[in-house]
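Colleague: Chains as they are written, first to last, in the working numbering: chain H, 1 to 308; chain C, 309 to 616; chain A, 617 to 924; chain L, 925 to 1232. We put the beta carbon where it would ideally sit given N, CA and C, even for glycine.
There are 4 protein chains.
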Amino acid sequence: MNSNDINSLLQRCDLALEAREMITKGVSRNIEGVQSETLTTDHAIIHRTTIMNEAGAKALGKAPGRYITLEVPKVRLQDDDINDEVSYIFSNELKGMYNLQPDTVSLVVGLGNWNVTPDALGPRVVNQLFVTRHFYNHMPEVLNPQNHNVAALSPGVLGITGVETGDIIKGVVDQIQPDVIFCVDALAANSVDRLNTVIQIADSGIHPGSGVGNKRKSISRDTMGVPVIAIGVPTVVHAITLVNNALQLVSQQRRIDLGPDQDRVLRQILDPFVGALVVTPKEVDMLIEDISYVISNGFNNYFHRHQA
Amino acid sequence: MNSNDINSLLQRCDLALEAREMITKGVSRNIEGVQSETLTTDHAIIHRTTIMNEAGAKALGKAPGRYITLEVPKVRLQDDDINDEVSYIFSNELKGMYNLQPDTVSLVVGLGNWNVTPDALGPRVVNQLFVTRHFYNHMPEVLNPQNHNVAALSPGVLGITGVETGDIIKGVVDQIQPDVIFCVDALAANSVDRLNTVIQIADSGIHPGSGVGNKRKSISRDTMGVPVIAIGVPTVVHAITLVNNALQLVSQQRRIDLGPDQDRVLRQILDPFVGALVVTPKEVDMLIEDISYVISNGFNNYFHRHQA
Amino acid sequence: MNSNDINSLLQRCDLALEAREMITKGVSRNIEGVQSETLTTDHAIIHRTTIMNEAGAKALGKAPGRYITLEVPKVRLQDDDINDEVSYIFSNELKGMYNLQPDTVSLVVGLGNWNVTPDALGPRVVNQLFVTRHFYNHMPEVLNPQNHNVAALSPGVLGITGVETGDIIKGVVDQIQPDVIFCVDALAANSVDRLNTVIQIADSGIHPGSGVGNKRKSISRDTMGVPVIAIGVPTVVHAITLVNNALQLVSQQRRIDLGPDQDRVLRQILDPFVGALVVTPKEVDMLIEDISYVISNGFNNYFHRHQA
Amino acid sequence: MNSNDINSLLQRCDLALEAREMITKGVSRNIEGVQSETLTTDHAIIHRTTIMNEAGAKALGKAPGRYITLEVPKVRLQDDDINDEVSYIFSNELKGMYNLQPDTVSLVVGLGNWNVTPDALGPRVVNQLFVTRHFYNHMPEVLNPQNHNVAALSPGVLGITGVETGDIIKGVVDQIQPDVIFCVDALAANSVDRLNTVIQIADSGIHPGSGVGNKRKSISRDTMGVPVIAIGVPTVVHAITLVNNALQLVSQQRRIDLGPDQDRVLRQILDPFVGALVVTPKEVDMLIEDISYVISNGFNNYFHRHQA
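1. For chain C, check one thing: does any of its Cβ atoms lie closer than 9 Å to the Cβ of H:N190?
2. Could you check whether the Cβ of H:T223 sits closer than 9 Å to any Cβ belonging to chain C?
3. Can you tell me whether DSSP reads L:L1077 as helix, strand or coil?
4. By the 10 Å Cβ neighbour count, where 16 or more other Cβ atoms means buried, how is A:P761 classified, buried or exposed?
5. With distances taken Cα to Cα, identify the nearest neighbour of C:N361 among C:I354, C:K370, C:I353 and C:H355.
6. Which residues in chain A have a C-beta closer than 7 Å to the C-beta of C:R356? List them in chain order.
7. Give me the chain H residues within the contact set of L:T1041, using Cβ-Cβ distance strictly less than 7 Å, ordered along the chain.
8. So that I know if they touch, is there some Cβ in chain C lying closer than 9 Å to that of A:K898?
9. Determine the burial state of H:P155: buried for a count of at least 16 other Cβ atoms within 10 Å of its Cβ, exposed for fewer.
10. Evaluate A:L710 with the Cβ neighbour count: other Cβ atoms within 10 Å of its Cβ, from every protein chain shown; 16 or more gives buried, anything less gives exposed.
11. Can you tell me which residues form a DSSP beta bridge with H:S106?
12. Would the segment 1115–1125 of chain L count as touching the segment 804–816 of chain A if we require 3 or more Cβ pairs under 8 Å?
13. Can you list, in chain order, the residues of its chain whose CB lies under 6 Å from that of C:S600, leaving out five sequence neighbours each side?
14. Is H:A59 helix, strand or coil when you go by DSSP?
15. With a threshold of 9 Å between beta carbons, is C:H442 in contact with chain H?
16. Please name the residue in C:A352, C:S344, C:L385 and C:S395 whose C-alpha comes closest to that of C:Y375.
17. Residues of chain C with CB closer than 8 Å to the CB of H:G112, please, in chain order.
18. How would you label L:R1057, buried or exposed, when you count the other beta carbons within 10 angstroms and need 16 or more for buried?
19. Just to make sure I have the definition right: I need the residues of chain L whose C-beta is within less than 8 Å of the C-beta of H:R254. Which are they?
20. C:L557 bridges to which residues according to DSSP?
21. Alpha helix (DSSP H) containing L:Q1052: first to last residue?
22. Within its chain, find whatever has a CB closer than 6 Å to the CB of L:A1200; leave out the 5 residues flanking it on each side and keep chain order.
23. Pick out whichever of H:V105, H:T223 and H:V180 has its Cα sitting closest to the Cα of H:V150.
24. At 9 Å on the CB atoms, spell out the chain H contacts of C:T346, in chain order.
25. Looking at the C-beta of C:D388, does it have a partner C-beta in chain A at a distance below 9 Å?
26. Can you find a CB in chain A that lies within less than 9 Å of the CB of C:R613?
27. Taking H:I288 as the reference, give the member of H:K170, H:D119, H:N297 and H:D174 with the closest Cα.
28. For chain A, check one thing: does any of its Cβ atoms lie closer than 9 Å to the Cβ of L:G1199?
29. If you count every other CB in all the chains shown that lies within 10 Å of the CB of L:P1158, and 16 or more means buried, which is it?
30. For L:V1189, which of L:S1142, L:L1166 and L:D1209 has the nearest alpha-carbon?
31. Please classify A:T657 as buried or exposed, where buried requires at least 16 neighbouring CB atoms within 10 angstroms.
32. Tell me the residue span of the beta strand (DSSP E) that contains A:I847.
33. Rounded to the nearest angstrom, what separates A:C799 and L:N1037 at their Cα positions?
34. Check this for me: beta carbons of L:D1109 and L:Y1022, under 9 Å apart or not?
35. Quick one: what does DSSP say A:H823 is sitting in, helix, strand or coil?
36. In whole angstroms, give me the CA-to-CA distance for L:N1007 and L:D1214.
Following this line, the structure appears as structure tokens:
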């Protein structure tokens, strides 16, 4: 492995975050072409940002669109009542992001690998959704006026299917022609304090990074033909990112330039895995169970409960 | 529930078997338009039947095509060596059923619900397959001449996706255009002695029964445009089938006509579930693990090992 | 297998029920030495029976003690709010059965096999309990006055450990000397309508049947030295029981004596499994998840929440 | 958190390794009171070390006893044939470590938490063992002369049971009085290159570190009264260890003393988790499945197959 590889692995993380993570507190205030507001509730801090034009897009390095970040640190407490409250907040933000009409057909896509715990968020959310599309077609009598038409899909990952995830989704979209797609995905965060306690919502779709192994296509209005709302939760930090952050901190605090030593240390510490190691809380299995409940419960409220 | 419902539930089972189960030993000998042979090996009895024309189809009540049934009772012993041997036999029969060319693109579809143990056979097989299609596209250098181009899909079930399984498969087939489809499914058997110890292979595709809840489309050359090989393993007997079989036995042995009492007993015994109860061996979790290993290992041999 | 074996298999079920199932509605009214009452709430019918003396014990064929049966059919609806309500009812009945003192040390034992879905109820309840005994010993500062001292154990089953379950529990009891033991177990019911919708509580402990494979020791005040409260939920019906019930119904309705035909039919229908087949609802995985939540949540209320 | 806490967290790792990890290549050669040898086979490097007396114990900082380390990097390849070979090597080393007599009663203990993937190694090994103790007591006719008397136990962890693991084991040992105990545990490694590819065997038992949260008792001949063979596989590196190693490397390479900056960086990078983050390969679920198969298969060979 040469030093270019280290760079592209780190860049992969950065690009992934660049592409997928939302804009957070304070950063986006008072920028031309950008509107933002922050609300604080008992169990969440809600940041809503709209990039209104190319000026704002350029300033923030992100496509025009709406971005919401929910900070919900109390999800770590594993308290059912708090989780129900966070579900409600999430469903409310979904409502602000996309206003369902009575005849809207929604497709929820659970991205990720059900065999890899921290990547299983999307498939687990899909498993817990109340889907109704088949009732609309065959048993409309079981539905009530509050129900919306919902379909769901867990397409799997490239290593299990051999097919680009975007191609599987596109194939299903062509068959069922939904009005809107919601994509749920586990993300890699840049720092550990965000793990399992941040929910991101954006109407700009999913645009994978350009790094190693990231040949995946975009899942967006451009490729799917309908709006794509992305919902993401950071569940891992790449080990290479964590160690690199530590080295950069040292470098800043001691005002030294590590130069090629930085690559050398990363390589030595992470050999033979380098880019394939992840950092998670010990109890990741329970945390994923909780956060997937929060998201699926929020979706079920959004699609099927009257919200006065 | 009126007595028509009981009939359609039982018919559902019968029809499902009629449609999906293969022709077994002895039945099909000496029928015009039908060729059949039986081989006995250490660990399997292999029945191969070909329905050659409409005369044979009419006689057996099945579409023209090739049907193979492997009886492998020793899979119940949970012996790794026997399971490896059965995998080999299975891969050999696959080879006889469809002759892969060097450039054949195969799609393996794991039907069924990964959350319901006896229905999870298909998705578990997919999880253990060695898929290669993405390497052909992006990293051909990791492949060797024995590898074939394989993709895989676990489409889920109607209750989880809200989408007809056939529609999901068709969407993906349109995107990746495979040359052949292999569909793996858990079946309902008519009697308990076949549970987890019979593997069925047919080149006529999957044609769901016409009964309650069986609005599913066919998955066959007609609907998919390419050959569809069905692989099935009986993993449950419907409780209603088991009890009905017992009542019929009594009726035969005592030469009495149970008449409407038969419905009454079924209804009373199975209330409030009626058609939603299944009979499985206690250790079904372990048996599904074993048989899914046998099938996936057989596929991996078939697709990726040179068979002299 | 001779006909004695069939009898002992059926007897096994009957004896197990005899020994473990509680007394239900109506049966026990107006019997000397027996007090009983029935309450009906929105989501449960509660039967409370006390066998006060040997006269009552003889009349009902059960040891003196207190027996509670909760009929909670709505647990099948998979509604979180109803399940929370049922948890509360369960915790309230536990309170009536055993009155915790501030310094009571409780041991909750989850009987059953975590690898066999319908038998996994006990271990799953244990996984979801809030245990505190280690905090009492090492970190009392994290506890509040509502917490009780709770330990838990999933001893496994004879086939996995090679050790009588009662011996494992006795070993742990000798080490930690609890004041009371709560044993949670999945039961075999006699009819399908009780599956996953009945919760039984008794202060007479667990007394295994005398049939095949039931060499297990009692888990009771006699063997453990402290009160043993048994909590049971029927999660399967043995297939042999279901078919036998159907044959008996036919026999009654047609007033015929099936005689040895009954054995012959059972044998033929269940071969080669005979006693090792179980009947469950298709969605058993989800139902076990729900009922184990109800039980563990009820325990957590009972042990750790102030109940005015 | 003050800097003492950081030290004790790091020390925890070091002490755990100190106490549990075996002596590796080269280190122990030519030391008085220490005998060591290294064998290289196709799929393993085998290091065998004996600390013969107090001189050797002092030199190596470990108790007198026998220590074996198997380096098996090819287990990462997920190749069934290689895994079977490694199982055989492991069973052979077990044989050298403890020579089973025909009437030896063995207890295999699977330490760890079955709900936390990288900690589930022990319980998974127990699930796959062929236990026989109950057959010796009740059905000796099913055994053959190659079988040994084996019992097994998955005691759970303190957070799930509220009981010291050592107390649960001691309780069971008092009941069944085995001749020897084998304890299987997942370990924290000091560097990522050892993850899932090293198997350690020692006859000195398990001696937990003295750090935070490590109040656990020893599991050894002293506490159990019979020999205790420890089998360990490193499955995680603590994130704090990984980052600290990187900082030490920088410190060495640049010949700078980071001083209090080291603590500050660790705290900043790992907040709010600090000691509760682990580093694993992405595919940890599959790797644990493979290595638990290797260990359980090796045990099954050791206990039940004739080894010429």
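Modeller: Per the coordinate set shown:
1. Not one chain C Cβ lies under 9 Å of H:N190.
2. Residue contact check for H:T223 against chain C: no CB pair falls below 9 Å.
3. Here DSSP, grouped into helix, strand and coil, assigns L:L1077 to strand.
4. A:P761 comes out exposed.
5. Per the Cα distances, C:K370.
6. Going along chain A, no residue has its Cβ under 7 Å from C:R356, so there is no contact; the nearest lies around 25 Å.
7. Simply T117 and D285.
8. At least one chain C Cβ lies under 9 Å of A:K898.
9. Per the 10 Å Cβ criterion, buried.
10. By the neighbour-count criterion, in which 16 or more other beta carbons inside 10 Å mark a residue as buried, A:L710 falls on the buried side.
11. Answer is H:V150 and H:V180, bridged to H:S106.
12. With the cut-off at 8 Å, the segment 1115–1125 of chain L and the segment 804–816 of chain A do not touch.
13. Cβ neighbours of C:S600 beyond the five flanking positions: L429, R432 and V433.
14. Secondary structure at H:A59: helix, using DSSP grouped into helix, strand and coil.
15. Taking Cβ atoms only, chain H reaches closer than 9 Å to C:H442, which makes this a yes.
16. Comparing C-alpha distances from C:Y375 to each of C:A352, C:S344, C:L385 and C:S395 shows the shortest one belongs to C:S344.
17. The premise fails here: H:G112 is roughly 13 Å from chain C at the closest Cβ pair, so nothing lies under 8 Å.
18. With 16 or more other Cβ atoms within 10 Å, it is buried.
19. Residues of chain L whose Cβ lies closer than 8 Å to the Cβ of H:R254 are, in chain order, I1180, L1182 and D1185.
20. DSSP output for C:L557 lists no bridge partner at all.
21. Looking at the DSSP string, L:Q1052 is not in any alpha helix (DSSP H), and its letter there is neither H nor E.
22. Excluding residues within five positions, none has a Cβ falling inside 6 Å.
23. Taking the Cα of H:V150 as reference, the smallest distance to any Cα among H:V105, H:T223 and H:V180 is reached at H:V105.
24. Per Cβ cutoff of 9 Å: no residues; C:T346 is ~36 Å from chain H at best.
25. No, no contact with chain A.
26. Residue contact with chain A for C:R613: absent (no Cβ-Cβ distance below 9 Å to any residue of chain A).
27. Between H:I288 and the set H:K170, H:D119, H:N297 and H:D174, the nearest pair of CA atoms involves H:D119.
28. Chain A contact via Cβ: absent.
29. It counts as buried.
30. For the residues L:S1142, L:L1166 and L:D1209, the minimum Cα distance to L:V1189 belongs to L:L1166.
31. With fewer than 16 neighbouring CB atoms inside 10 Å of its own CB, A:T657 falls in the exposed class.
32. Annotation for A:I847: the continuous beta strand (DSSP E) segment containing it runs V844 to H854.
33. Distance between the alpha carbons of A:C799 and L:N1037 is about 21 Å.
34. No.
35. Secondary structure at A:H823: coil, using DSSP grouped into helix, strand and coil.
36. Their Cα atoms are separated by approximately 8 Å.
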